[in-house]
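One structure is given below, encoded as structure tokens.
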Ligand code: SF4
Ligand code: FES
Ligand code: FES
């Protein structure tokens with residue numbers, strides 16, 4: 005049906021790769037990866053249509069896909085800016101001063117955690133939990149890259165260099 | 010079989026229980042009360058509410074009784090300090106986010122949370138922070154939501170997945186933000202959706218049509234039986250100040266378990282319909298006048314006795330009670346006419362002589378669950394008999410191979426082995442191919458020619474093979490009865506059943522189809538199958554119009570196979586109509602209107618698909634002057650000076666028939682087949698269709714909430730995409746549909762479940778009122 009056509013050939017190929025790793029009758033095991041692939045191809049967020057397409061492709065109930073997508077914070081269900089910035093505010097980072105970093109970034113960009121800048125450049129991911137880089141706290145993840153031992157200067161440099 | 014029993018002790022009481030049973034089932038069976046929210050005996054165990062915590066000796070922590078299996082020597086305390094502390098703790102957490110809005114909540118007074126809170130809750134909450142608020146979704150016309158009240162027991166979610174066979178509700182979000190709902194704005198579309206109203210332990214999901222109409226403790230409860238399909242689901246009608254305010258299931262494991270279909274739950278709305286007939290009426294010089302019962306009955310008896318007996322015909326609804334059906338035919342036969350029928354939508358009567366005395370399921374409803382294979386011919390069982398479909402679904406989940414041969418590819422909520430959808434005139438050749446694959450000898454009968462000509466495909470072979478299983482069944486459904494080749498379908502189905510050693514079974518169409526066969530509402534048979542000199546069948550008595558007709562619960566323009574023919578015949582005749590409703594069409598056709606009580610307002614009996622006679626009492630008072638139709642028929646019988654109309658109660662009527670049926674042996678076996686002449690397929694585009702779930706009888710058509718559901722959205726003509734291309738209609742939104750007798754403009758929809766060559770336009774719907782019967786040529790024209 006036409007809904008599945010919303011998924012690009014490339015996305016389908018990648019999803020197939022994940023499906024192949026699990027027993028045949030457990031297509032839903034590929035759901036997390038499928039959503040990530042599709043989100044990546046759609047400027048970092050999922051739409052209902054895309055979730056429906058994934059449901060159809062993996063032969064799942066639509067609601068089952070909504071449940072997963074709304075459960076994990078790594079999926080965005082609203083449009084977001086193109087660079088995703090997650091500043092860890094879990095315990096170790098907090099002890100190392102993540103709060104200062106967050107305040108600084110919020111002031112610098114004029115947005116709150118969970119919001120995107122108007123120019124569509126930076127999205128501050130909501131309440132990021134421990135990213136398993138505690139020894140380098142405070143830390144943040146920008147798109148897929150980790151930056152550790154942050155200072156306000158370092159953060160400025162990283163953010164200013166984002167396209 | 011000896012059971013493996015273990016001994017356990019609960020609150021000092023020694024109990025025996027099957028090894029591995031759930032503790033909560035054992036305590037329930039022994040009258041020991043354990044509070045619970047998420048547990049439900051018909052659903053899987055979720056163990057997420059923790060309300061059922063009990064102390065089990067040697068276990069370090071309290072255990073949930075709903076997820077704990079009993080073991081030898083287990084010692085359980087349900088009321089110990091430890092158990093009570095755990096239960097109270099759970100209760101406090103559950104109430105943290107629950108609003109204190111019981112005074113304006115429809116569930117108040119029958120709320121499980123309220124009840125348990127009284128037993129286990131504290132007066133004061135330690136929680137002084139802000140409570141969670143959840144924005145409601147509109148999930149359709151049947152169920153009202155107040156999701157702030159939801160306690161996340163997930164019963165409604167599990168119901169969708171495990172019982173309705175379609176997951177529509179889910180738990181989205183995480184932790185504090187979890188909410189139960191459809192996530193996107195969407196109407197729940199299952200034909201059994203209303204059951205989540207009963208399942209929901211709190212007031213999150215309540216019945217929309219009856220919302221705010223009465224308090225649970227003000228309602229009177231009356232046992233009843235559903236008057237729509239042949240399941241005969243057991244109901245409770247709840248009345249307030251004499252009127253029915255809602256309907257809920259009455260548990261009966263052997264029939265409807267704890268469920269009912271939405272049709273059975275919400276059709277009561279019709280009792281208050283705008284066109285409800287509340288006084289007798291007489292047409293004088295084309296003008297309707299209200300009349301006294303005496304005057305109206307006098308006119309009615311005059312109209313029926315003026316013509317010669319051969320000039321009167323009777324059409325009785327298969328949704329009427331057994332007593333009404335029996336008296337209706339008795340009256341006609343008393344007058345000397347055998348022109349009596351309830352098979353209003355049937356087209357092919359050629360083998361009626363071979364039909365069983367009562368076509369029936371041939372097995373119990375429960376037995377359907379253990380089928381290993383089934384072939385259903387002409388059946389959209391999911392919408393026609395939803396609770397039979399529920400049993401078949403269970404069989405399918407257990408691995409049964411279930412296949413269909415239908416005039417379109419219907420969607421089902423369980424896995425099918427084969428799902429064949431063909432032109433209605435090709436169903437015979439499909440069956441012939443299955444018969445050939447099953448090894449039916451072509452020489453054996455006059456089916457020979459077709460079987461010899463058949464070219465079975467893999468699908469046919471697969472169906473035939475599946476039916477060789479020990480426990481299999483071949484079933485004729487509602488659409489087989491409607492089919493112009495019904496006799497041939499019957500003969501072939503029977504042959505397939507014999508060849509594969511399968512049970513030959515029928516799904517009776519309406520609540521009292523089976524009863525009407527027993528009561529003798531047939532032109533060729535009297536009560537209990539007694540042979541009669543042949544009268545005219547439902548089609549013939551309209552094709553060869555009579556001078557007068559008796560109608561009981563029949564809306565000719567929607568209930569008859571050929572509405573155009575029926576309307577024409579009735580318009581030119583004198584018509585005595587016993588009816589609960591007086592639609593405009595009814596007023597145009599009838600000459601006397603006798604207001605009849607509905608199923609909820611009179612005592613009566615319904616014979617279900619298994620041949621079970623279920624009698625119930627009236628629950629509410631009929632509106633205005635309306636009277637039970639059986640009483641009206643009795644009085645008419647007296648006025649017409651007929652013998653045997655001295656009944657005092659409906660029970661007496663029923664018992665008279667019961668005595669006649671005493672020695673009946675129900676048997677679907679087909680002895681010899683009639684001479685089978687196949688009606689030829691009309692050329693060109695063929696009108697095909699079914700009777701949609703919410704259009705089948707006078708009650709459901711008037712149930713406004715049901716009319717607002719997706720399933721009621723059928724006023725359209727549907728064709729295959731390829732057909733649309735061929736007819737150059739792919740861009741058309743509206744088309745003019747012309748059938749010899751009339752034409753209508755309708756939206757055009759494209760759907761590849763419709764076979765090429767068919768234009769799907771159901772019968773029983775408003776759009777089809779002016780048209781002829783199904784299975785005739787139609788033309789579509791872009792407008
Ligand atoms: S809506 Fe009712 S049945 Fe569904 S999860 Fe909430 S409380 Fe349970
Ligand atoms: S707490 Fe920040 S990475 Fe672990
Ligand atoms: S009833 Fe046992 S955990 Fe809910």
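Protein chains in written order, with my numbering: chain A, 5 to 167; chain B, 10 to 792. Beta carbons are placed, not taken as given, at the ideal position from N, Cα and C, and that holds for glycine. Please read these numbers as outputs of a predicted model, since none were measured by experiment.
- Within the DSSP secondary-structure output, residue 428 of chain B pairs in a beta bridge with B:413.
- Under the three-state reduction of DSSP output, residue 127 of chain A falls in the strand class.
- Taking the Cα of residue 59 of chain B as reference, the smallest distance to any Cα among B:733, B:226 and B:94 is reached at B:94.
- Counting C-beta pairs closer than 8 Å gives three or more between the segment 213-233 of chain B and the segment 249-265 of chain B, which meets the contact rule.
- Under the three-state reduction of DSSP output, residue 296 of chain B falls in the strand class.
- In summary, the residues of the segment 187-218 of chain B whose CB is separated from some CB of chain A by less than 8 Å are 191, 192 and 193, in the order they occur in the chain.
- Selection B:50, B:102 and B:676 evaluated against residue 133 of chain B yields B:102 as nearest (Cα-Cα).
- In the structure shown, residue 104 of chain A adopts helical secondary structure according to DSSP, grouped into three states.
- Residue 89 of chain A carries a strand assignment under DSSP once its states are collapsed to helix, strand and coil.
- Taking residue 84 of chain B as the centre and dropping the five residues before and after it, the same chain places the C-beta of 18 and 66 closer than 6 Å to its C-beta, in chain order.
- Beta-bridge annotation (DSSP): residue 189 of chain B is paired with B:180.
- With a cut-off of 8 Å on Cβ pairs, the segment 324-331 of chain B is in contact with the segment 513-531 of chain B, counting three or more such pairs.
- 8 Å or more divides the Cβ of residue 267 of chain B from the Cβ of residue 273 of chain B.
- Relative to ligand 1, residue 163 of chain B has its C-beta within less than 7 Å of a heavy atom.
- Leaving aside the five residues that flank residue 246 of chain B on each side, the residues in its chain whose CB is nearer than 6 Å to its CB run, in chain order, 231, 233, 253, 256, 609 and 628.
- Scanning its chain for C-beta atoms nearer than 6 Å, with the 5 sequence neighbours on each side dropped, one finds around residue 141 of chain B the residues 106, in chain order.
- Per DSSP, the continuous beta strand (DSSP E) segment holding residue 482 of chain B begins and ends at 481-485.
- Proximity of chain B to residue 70 of chain A at the Cβ level (cut-off 9 Å) is accounted for by 179, 181, 191, 192 and 193, in chain order.
- In the pairwise beta carbon analysis, the segment 361-370 of chain B is classified as not touching the segment 330-350 of chain B: fewer than three pairs are separated by under 8 Å.
- The secondary-structure analysis by DSSP pairs residue 47 of chain B with nothing; it has no beta-bridge partner.
- Rounded to whole angstroms, the separation of the alpha carbons of residue 487 of chain B and residue 560 of chain B is 22 Å.
- Shown in chain order are the members of the segment 31-54 of chain A whose Cβ falls below 9 Å from a Cβ of chain B: 52.
- Counting C-beta atoms within 10 angstroms of its own C-beta, residue 263 of chain B has fewer than 16 neighbours from the protein chains shown and is therefore classed as exposed.
- Under a 10 Å Cβ-count criterion, residue 743 of chain B is classified as exposed, with fewer than 16 other Cβ atoms of the shown protein chains found around its own Cβ.
- In the assembly as shown, residue 69 of chain B is an exposed residue. Its beta-carbon has fewer than 16 other beta-carbons within 10 Å.
- Interface flag for residue 402 of chain B against chain A is unset, since no Cβ pair is found closer than 8 Å.
- Sequence-ordered contacts of the segment 157-180 of chain B with chain A read 166, 169, 170, 175, 176, 177, 178, 179 and 180 [C-beta pairs closer than 9 Å].
- Contact check for residue 71 of chain B against residue 63 of chain B passes: the beta carbons are separated by less than 8 Å.
- When Cβ-Cβ separations below 8 Å define contact, residue 75 of chain A makes contact with chain B.
- For residue 590 of chain B, the three-state secondary structure derived from DSSP is strand.
- Collapsing the DSSP output to three states places residue 350 of chain B in a strand.
- Judged by DSSP secondary structure, residue 98 of chain A falls outside any beta strand (DSSP E) and instead within the alpha helix (DSSP H) spanning 95-99.
- In summary, residue 533 of chain B is buried, with 16 or more beta-carbon neighbours lying within 10 Å of its beta-carbon over all protein chains present.
- Between residue 189 of chain B and residue 156 of chain B, the beta carbon gap of about 6 Å places them in contact (Cβ cut-off 8 Å).
- For residue 622 of chain B, the enclosing beta strand (DSSP E) starts and ends at 622-625.
- Taking 8 Å as the threshold, the shortest C-beta distance from residue 67 of chain A to chain B falls below it.
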